[in-house]
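Below is one structure; the comments refer to it alone.
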Amino acid sequence: MSFRYPVVLLVAVVVTGGAIAGYVALQRRRSAAWRSAGFGTPAGGGPRRHLPYALLLAALPILLVGLARPQAEVAVPRVAGTVLLAFDISNSMAATDVTPTRLAAAQAAATRFVERQPGSVDVGVLVFGDTALLTQAPTGDHAAAVAAIGRVRPSGGTSLGQAILVGLGTITGKPVSLPANGSVPDTSALGYWPSATIVVFSDGENTGGPDVQAAAELAAAAGVRIQTVGVGTARGAPVKVDGYQLNTALDERTLTAIAQVTGGSYHAAGDPGTLRDTTESIDLRLTTKREPLELTGPFAGAALLLLALGGLLGSRWHGRIV
1200 MSFRYPVVLL
1210 VAVVVTGGAI
1220 AGYVALQRRR
1230 SAAWRSAGFG
1240 TPAGGGPRRH
1250 LPYALLLAAL
1260 PILLVGLARP
1270 QAEVAVPRVA
1280 GTVLLAFDIS
1290 NSMAATDVTP
1300 TRLAAAQAAA
1310 TRFVERQPGS
1320 VDVGVLVFGD
1330 TALLTQAPTG
1340 DHAAAVAAIG
1350 RVRPSGGTSL
1360 GQAILVGLGT
1370 ITGKPVSLPA
1380 NGSVPDTSAL
1390 GYWPSATIVV
1400 FSDGENTGGP
1410 DVQAAAELAA
1420 AAGVRIQTVG
1430 VGTARGAPVK
1440 VDGYQLNTAL
1450 DERTLTAIAQ
1460 VTGGSYHAAG
1470 DPGTLRDTTE
1480 SIDLRLTTKR
1490 EPLELTGPFA
1500 GAALLLLALG
1510 GLLGSRWHGR
1520 IV
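Residue numbers (my numbering): 1200 to 1521.
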C-alpha cells in the first residue's frame, strides 16, 4: 500500500494521540469532580461507559488515513496484446461454396471481429498466397486494420508455412525462417510472446512453401498461439485457374493440426452465419495489468460507520454524544 499524501499519516498519529490523551485527562477530571463532591466513582463504569467514546476515537485515525489517499496495486484482468489476422488469398478462396465467396465471407467476419476488440488489442493484417506479405502492421487504430482487410484480393497458391513464419517475424520484430537442412531451429532468439495470437482464415489447402508443422512448432516455442478458421465446405466447389476448372475443398485436418500444436483451436465455418459466430468465439489471451486502486472510499466508509455507531450508543446510554 502507498499513500499520495504520506505527511497526513504523521498528522493522524499526532492528532489521534492528542485526542486519546485529552479523553483520558477528561475522564480523570470528571472522576475527581465526582469524588470531591462526595459522590464517589461515577455510575455506569466499565466497557459500557467507555465504548461509545472508544468508537469515536477509533474513527479519527481511520478517517485521517483515508485523507492520506491510500492506494493499492491490484492485478486487473483484461484482453490485451497483439492479434495478427492472416488471410489465405489463394485462387481457391474465390470458391462460392460459402457465399458470396470464401474470401469475401472471411473479410466480413474478420471486420466484425476487429470492430469488437477493445483498444488494448493491437490488430495487424497479413495476406498469404505463394508468399506472405504484411499489409498492416499491428496497430491500435482498428479502422486502419479494417481498411487493410477490405483491400484483400485472391490470387496464386497457398503457403501456410510461409504465413506462420512471416507472422512470427512481425510479432518478434526479426526475420524468421526454418533451417534449409531440416535441422531443429534455434528458438532462443525469438523470445517469448504469450500475449500474441495469429488468426488464420483459410480453406487449408496447402500447395507448397516451408513445412507447416515445423513452422507451427516454432510458433509454439515462441509462446504464440494460432487460431485457425476453416472457410469452405468438405464437398468443395469448382474454381477457374488459368482457364482450367479445378475443384477445391476444405482441409480441416491441416488447420486443426496447426492450431493444436500451438495450444489454439480450430473453428469450422461452412456458411456466412457460422463464420460470424465463429469469430465471436475466438479466444484471445487474457492478461493482467497492475493498476492503482484508490482506497479512500473504504477508509472513509469505515470511519463514518464507527462515528455513527459511537454517536448512537453515546446518546442511548449516556444521553449525549460526547
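The C-beta atom is built at its ideal place from N, Cα and C for all residues, glycine as well.
Whether residue i touches residue j by CB criterion (7 Å)
i, j, result
"Thr-1461", "Ala-1421", "no"
"Leu-1389", "Thr-1371", "yes"
"Leu-1449", "Thr-1427", "no"
"Leu-1259", "Ala-1218", "yes"
"Thr-1175", "Asp-1321", "What the structure shows of the chain is the stretch from 1200 to 1521, and residue 1175 is not part of that stretch, so it cannot be assessed."
"Val-1297", "His-1341", "no"
"Ala-1395", "Gly-1216", "no"
"Leu-1508", "Leu-1254", "yes"
"Arg-1424", "Gly-1463", "yes"
"Val-1282", "Phe-1498", "no"
"Ile-1397", "Val-1351", "no"
CA nearest to the CA of residue i, picked from the options
i, options, result
"Val-1363", "Arg-1268, Asp-1329, Gly-1221", "Correcting the residue type first, residue 1363 is Ile in the shown sequence and not Val. Nearest of Arg-1268, Asp-1329, Gly-1221 to Ile-1363, Cα basis: Asp-1329."
"Val-1324", "Leu-1511, Phe-1312, Phe-1286, Gln-1459", "Phe-1286"
"Val-1411", "Asp-1441, Ile-1457, Glu-1451", "Ile-1457"
"Gln-1226", "His-1249, Pro-1317, His-1341", "His-1249"
"Ala-1468", "Ala-1501, Ala-1309, Val-1351, Leu-1508", "Ala-1309"
"Thr-1386", "Ala-1413, Ser-1394, Ser-1401, Asn-1380", "Ala-1413"
"Thr-1432", "Glu-1404, Pro-1497, Gly-1408, Arg-1424", "Glu-1404"
"Asn-1380", "Asp-1402, Val-1440, Pro-1409", "Pro-1409"
"Gly-1177", "Asn-1290, Asp-1402, Ala-1236, Thr-1300", "Here the chain covers residues 1200 to 1521 and nothing more, so residue 1177 does not appear."
"Leu-1504", "Phe-1327, Gln-1459, Thr-1300, Ala-1257", "Ala-1257"
"Ala-1347", "Ala-1307, Ser-1230, Ala-1231", "Ala-1307"
"Pro-1299", "Leu-1474, Gly-1496, Ile-1481", "Leu-1474"
"Arg-1452", "Asp-1402, Lys-1439, Val-1210", "Asp-1402"
Residue i, enclosing alpha helix (DSSP H) - first and last residue
i, result
"Leu-1449", "Looking at the DSSP string, Leu-1449 is not in any alpha helix (DSSP H), and its letter there is neither H nor E."
"Ile-1348", "1341 to 1349"
"Val-1313", "1301 to 1314"
Element boundaries [beta strand (DSSP E), containing residue i]
i, result
"Ala-1379", "Neither: Ala-1379 is in no beta strand (DSSP E) and is coded neither H nor E."
"Leu-1332", "1331 to 1338"
"Gly-1280", "1280 to 1287"
"Leu-1325", "1320 to 1327"
"Ala-1430", "Residue identity check: residue 1430 is Val in the sequence provided, not Ala. Start and end: 1424 to 1430."
"Val-1438", "1436 to 1440"
"Ala-1433", "That residue, Ala-1433, is in no beta strand (DSSP E); it is neither H nor E in DSSP."
"Tyr-1465", "1465 to 1468"
Cutoff 8 Å; reference residue i; Cβ partners in own chain excluding five residues on either side
i, result
"Asn-1200", "According to the sequence shown, residue 1200 is Met rather than Asn. Cβ within range, chain order: Pro-1269, Gln-1270, Ala-1271, Leu-1494."
"Ala-1331", "Ala-1285, Leu-1325, Ser-1358, Gln-1361, Ala-1362, Leu-1364, Val-1365, Gly-1366"
"Ala-1344", "Leu-1284, Val-1313, Val-1322, Gly-1323, Val-1324, Gln-1335, Thr-1338"
"Pro-1374", "Gly-1368"
"Glu-1416", "Val-1460"
Cβ neighbours of residue i in the same chain (closer than 6 Å, five flanking residues each side left out)
i, result
"Tyr-1204", "Ala-1267, Arg-1268"
"Val-1273", "Leu-1492"
"Leu-1302", "Met-1292, Pro-1353"
"Trp-1392", "Ile-1370, Ala-1421, Gly-1422, Val-1423"
"Ala-1305", "Phe-1400, Val-1430"
"Leu-1208", "Ala-1267"
"Leu-1506", "Ala-1258"
"Arg-1315", "none"
"Gly-1221", "none"
"Ala-1502", "Ala-1258, Ile-1261, Leu-1262"
"Ala-1232", "none"
Close beta carbons around residue i, own chain, < 7 Å, minus the five adjacent residues each side
i, result
"Pro-1437", "Gln-1444, Leu-1445, Asn-1446"
"Gly-1318", "Gly-1339"
"Pro-1378", "Pro-1384"
"Ser-1376", "Leu-1364"
"Thr-1295", "Ala-1436"
Q: At 4 residues or longer, and completely inside the stretch 1365 to 1420: list those alpha helix (DSSP H) runs for me, N to C.
A: You should have 1411 to 1420.
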